[in-house]
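Numbering (this note's numbering), first residue to last: 3 to 142.
Note that beta-carbon positions come from the ideal geometry of N, C-alpha and C, so glycine has one too.
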Amino acid sequence: MRTFETDSEEGTIALGVELARELPPKAIVLLVGNLGAGKTTLAMGIVKGRRVAEPDEVSSPTFTLIHEYGGGNKIYHIDLYRLDTARDVATLGLEELFDREAIVLIEWGERFPEFIPPQHIEVRIAQLPDDRRRITVLNL
């Protein structure tokens with residue numbers, strides 16, 4: 003377990019870039035935190051760090067549920083916030099994505115642990131006073 007603190011959006015993106023360098027080519031990463039904690043901001047940094055898109059091309063997949071970035075090096079960015087039941091999640095075909103040689107970033111995945119493989123990386127993001135974030139990385 004490693005813990006970091008950032009004090010700005012730019013700092014959170016920079017941390018994501020650093021974490022991206024440590025991720026294996028195939029990884030499932032849960033991004034855990036309250037609304038507004040910075041999950042998508044960290045995803046921007048990971049996508050940038052893997053050189054598949056620029057941060058301004060990354061947005062929360064809240065309504066589309068899944069965004070795909072990259073050509074040969076793929077990153078799938080998933081948001082399960084708007085899904086209410088396991089049946090809803092089952093229709094996404096997550097198992098197929100998990101089998102691909104890709105990084106799969108999942109926001110709100112902790113709501114449906116039955117769909118998350120045991121071999122995953124968890125990143126917990128907590129809001130602190132003064133726009134700071136505490137980011138804890140488990141299993142990397």
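By the neighbour-count criterion, in which a residue is buried when 16 or more other Cβ atoms sit within 10 angstroms of its Cβ, P119 is exposed. Unbroken alpha helix (DSSP H) runs of no fewer than 4 residues, entirely contained in the segment 5-47, are found at 11-24, following chain order. Counting along the chain, no alpha helix (DSSP H) covers D81; the unbroken beta strand (DSSP E) around it starts and ends at 76-81. Per DSSP, the unbroken alpha helix (DSSP H) holding E98 starts and ends at 96-101. The Cβ atoms of G35 and A128 lie closer than 8 Å to each other.
Under the DSSP assignment, V91 falls in the alpha helix (DSSP H) whose first and last residues are 88-92. Linking G72 to R53 through their CA atoms gives a straight-line distance of about 8 Å. Apart from sequence neighbours up to five positions away, the residues of its chain that approach T43 with a beta-carbon distance below 7 Å are E11, T14, I15, ordered along the chain.
Remark: C-beta atoms of Y78 and E70 approach each other more closely than 8 Å. Each residue's CA atom was taken as its position, placing I30 and R134 some 25 Å apart.
Within the model, the alpha-carbon separation for L94 versus I108 is close to 12 Å. Distance from G47 to A22 at the Cβ level is roughly 7 Å; contact confirmed, criterion being Cβ atoms closer than 8 Å.
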